[in-house]
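Following my numbering, the numbering of the sequence shown begins with -4 at its first residue and continues without gaps.
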Amino acid sequence: MENQYDVIIVGAGVVGNAIARELSKTSVSVAVIEKELDVSMGTSSRNSGVIHSGIHYKPGTLRASLNVLGNSMMADLCRDLKVKIDYIGKLTVARDEEEIKSLYMIKEQGEANGVPGLEILDPNAMEKIQPRVGGIKALHSPSTGIICPYSLTIALAENAHANGCHFFLGHGVTAIRKIQDGFEIEASGKKLTAKVLINSAGLYSADVCRMLGIHEYNIYPCRGEYLILDKRLKGTLNVLVYPAPHHGKAGLGIHLTNTVSGNILIGPSNEYLEDPEDYACTADIMAQLRKEGHALLPELKTTDFIRSFSGLRPKQTRPEVGGFKDFVIEDREDIKGFINLVGIESPGLTSSPAIALMVRDMVGKHLPLTLKNDFIGTRSGMTGHFHELSNEEKADLVAGNPDYGEVVCRCEQITKKEVLDAVENPLGVRTINSIKYRSRAMMGRCQGGFCLPRIVQILEKEFGYRPEDYLLKNRISPLFLGKMRQDTP
Ligand SMILES: Cc1cc2nc3c(=O)[nH]c(=O)nc-3n(C[C@H](O)[C@H](O)[C@H](O)COP(=O)(O)OP(=O)(O)OC[C@H]3O[C@@H](n4cnc5c(N)ncnc54)[C@H](O)[C@@H]3O)c2cc1C
């Protein structure tokens, strides 16, 4: 019946969507409820995009085991979902004797977690991997990778959707009632029921707990700010470069991260906040990141900084405690059918496919999970972008569809066909950011200065958009307030 599901997942981040896709392989009916107008609008699009190796987490914890398993699953998953991934490796660099001790400590920890190929390098060996890296020793972890986090999150959702999972976007869950055989959920005026309810609400996971009378969890948002560098510096970094870890810090330290699109990120900072929606980037932190960026990459120029962004870690530890707590992933005994995920901070992106397996097994204790014969595990389309293809491949595509021959976003070389595909996405999302995250248009040096007006024209001409239809990301972010003047006849 309408709005009655076997399983409902609250939250369409990378974890919720990975669970949805895993369950969509089986016979259960699944819905994902998301308060934002698109998937991947929370922490899942605001992070370093690193597929961690698993050196940083204590053996025996969920963060360690799910990280290592998630890392090993990611290559096949990305191949199937047409998401770019690159296992480029990482150097964790020590600058003094104290830091060298911490390198040996994380090497031992990584080996206990089953991380392959770890090696401590001297400056000569470091120089071969990354010229001018600085530091007196480094730990090399070759299984560290990079990925576009929102591409993965969107791909998981689209694949789950293609396999029958329903998405209720723009529906914030405001109340949950335990009923005899499951749960009644209220979300933006809609009432839905589920036999099993999964809380994957990230920064709001403790609030969802409270809706069911669970008061033992608190989330303390901890902001990490980043600077994005121009693609001019593409190729400067062969590997990721992290500082040696320091006990009690809330993150892994400010580092340089390549992105799969050819930019470099500097960040993230660490700052506890009250407001789980405060994604501001602040002058002080920007100045600190510029300074640390210059120290790590001397060839950086002021004009290389093209944009800033921030993400919020859903920490379970108070500011005065810092450090990390393990993921909470529990099948609640006191509330039958409630599977609860709290504090999925880093390495949640890396761990997402492994978390999905763990949660699937928990669901299997409540509902029979029969594998479907008609599950489609792959997505169509291309991995990456038109401009990355060979000339022959480009010519073939343009011959089949001239919209591939028209470049709309000059900075990122994104074609009209790629923009049209992004507008016509399977989840039916129609915000400007949904086009940006799916096509990469507006993500280059000019940040949409040139291509946004062209995209507006496309939306008006080909999709009949009116001024009030253009939303940046949510219902309170209109792009236009009206016309300045009337069109002349
Ligand atoms: C600065 C930073 C750097 C990081 N770097 C890395 C990294 O390099 N590698 C790595 O593995 N991990 C990294 N992480 C961690 C990773 O980003 C997270 O673990 C992961 O994105 C968590 O995904 P999620 O789906 O649990 O949460 P989210 O992406 O936050 O998704 C939760 C969703 O729930 C929705 N929601 C909340 N409340 C409700 C409600 N009441 N009703 C409906 N929907 C609701 C939200 O809108 C949101 O979309 C980093 C995190 C940060 C902040």
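Note that beta-carbon positions come from the ideal geometry of N, C-alpha and C, so glycine has one too. Since this is a predicted model, take the numbers as computed values, not measurements.
Identify every residue that forms a DSSP beta bridge with Ser136. What you label residue 136 is simply residue 141 of the sequence shown in a count that begins at 1. Bridge partners of Ser136: Lys85.
Between Leu344 and the rest of its own chain, which residues show a CB-CB distance below 8 Å, the 5 nearest in sequence each way excluded? Position 349 of the sequence shown holds residue 344. So the list reads Val9, Ser39, Asn42, Gly44, Val45, Ile46, Ile142, Pro144 and Leu147, once near-sequence residues are dropped.
Pick helix, strand or coil for Ser183, following the three-state DSSP scheme. Position 188 of the sequence shown, counting from 1, holds the residue named residue 183. DSSP places Ser183 in coil when its eight states are reduced to three.
Alpha carbon to alpha carbon, how far is Thr277 from Lys226? Translated into positions along the sequence shown, residue 277 becomes position 282. Translated into positions along the sequence shown, residue 226 becomes position 231. Rounded to the nearest angstrom, the two C-alpha atoms are 23 Å apart.
Using only the heavy atoms of ligand 1, determine whether one of them is closer than 7 Å to the beta carbon of Ala107. As a position in the sequence shown, residue 107 is number 112, starting the count at 1. Not under cutoff, so the answer is no.
Below 8 Å between beta carbons: does that hold for Cys441 and Val403? For the purposes of this step, residue 441 is identified with residue 446 of the sequence shown, where counting begins at 1. For the purposes of this step, residue 403 is identified with residue 408 of the sequence shown, where counting begins at 1. In this structure, Val403 does not lie closer than 8 Å to Cys441 by Cβ.
Rounded to whole angstroms, what's the CA-CA distance from Phe458 to Lys468? Just pull it up for me. Translated into the one-based positions of the sequence shown, residue 458 becomes position 463. Translated into the one-based positions of the sequence shown, residue 468 becomes position 473. So the alpha carbons of these two residues sit roughly 18 Å apart.
So within the region 109 to 184, which uninterrupted alpha helix (DSSP H) runs reach at least 4 residues, ignoring any that extend past its ends? You should have 118 to 124 and 144 to 157.
Pull up the CB-CB distance for Glu220 and Ser305, whole angstroms please, since I reckon it's below 8 Å. The residue you call residue 220 lines up with position 225 of the sequence shown. The residue you call residue 305 lines up with position 310 of the sequence shown. Indeed they touch by this definition, with Cβ atoms about 4 Å apart.
Which value, in whole angstroms, describes the spacing of the CA atoms of Thr139 and Lys173? On the sequence shown, residue 139 is found 144 positions in, with the first residue counted as 1. On the sequence shown, residue 173 is found 178 positions in, with the first residue counted as 1. Each residue's Cα considered, the two are about 42 Å apart.
Flag Arg205 as yes when its Cβ comes closer than 7 Å to any non-hydrogen atom of ligand 1, and as no otherwise. By 1-based counting over the sequence shown, the position of residue 205 is 210. False, no ligand heavy atom lies under 7 Å from that Cβ.
Using C-beta distances below 7 Å, list every residue in its chain close to Asp326, excluding the 5 sequence neighbours before and after it, in chain order. Counting from 1 along the sequence shown, the entry for residue 326 is found at position 331. Only Ile334, Met357 and Lys360 meet the Cβ criterion.
From His380 to His250, what does the alpha carbon distance come to, in whole angstroms? Walking along the sequence shown from the start, residue 380 turns up at place 385. Walking along the sequence shown from the start, residue 250 turns up at place 255. So the alpha carbons of these two residues sit roughly 27 Å apart.
Please identify the residue among Lys389, Ala13, Ser19 and Ser434 whose C-alpha is closest to the C-alpha of Phe370. Locating residue 370 in the sequence shown gives position 375, counting from the first residue. Checking every option, the nearest Cα to that of Phe370 belongs to Ser19.
In terms of residue numbering, what span does the beta strand (DSSP E) encompassing Leu222 cover? Reading the sequence shown from its first residue, position 227 is the one you call residue 222. From DSSP, the beta strand (DSSP E) with Leu222 extends over Tyr215 to Leu224.
From Tyr82 to Pro137, what distance separates their C-alpha atoms? Position 87 of the sequence shown, counted from the start, is the residue given in the question as residue 82. Position 142 of the sequence shown, counted from the start, is the residue given in the question as residue 137. Roughly 7 Å separates the two Cα atoms.
Quick check on the burial criterion: 16 or more other C-beta atoms within 10 angstroms. Buried or exposed for Asp1? Here residue 1 refers to the residue found at position 6 of the sequence shown. By the neighbour-count rule (16 or more Cβ atoms within 10 Å), Asp1 is buried.
Confirm, please, whether the CB-CB distance from Val110 to Ile50 is below 8 Å. Position 55 of the sequence shown, counting from 1, holds the residue named residue 50. Position 115 of the sequence shown, counting from 1, holds the residue named residue 110. Going by C-beta atoms, Ile50 is nearer than 8 Å to Val110.
Can you tell me the Cβ-Cβ gap for Gly197 and Gly37, rounded? I've got them flagged as a contact below 8 Å. Position 202 of the sequence shown holds residue 197. Position 42 of the sequence shown holds residue 37. Indeed, because the Cβ distance is near 5 Å, the residues count as touching under 8 Å.
Is Glu122 close to chain D? Criterion is C-beta to C-beta, closer than 8 Å. Here there is only one protein chain, and chain D is not present.
Going by beta-carbon coordinates alone, are Lys296 and Gly338 separated by less than 8 Å? Working through the sequence shown from its first residue, we reach residue 296 at position 301. Working through the sequence shown from its first residue, we reach residue 338 at position 343. At least 8 Å separates the beta-carbon of Lys296 from that of Gly338.
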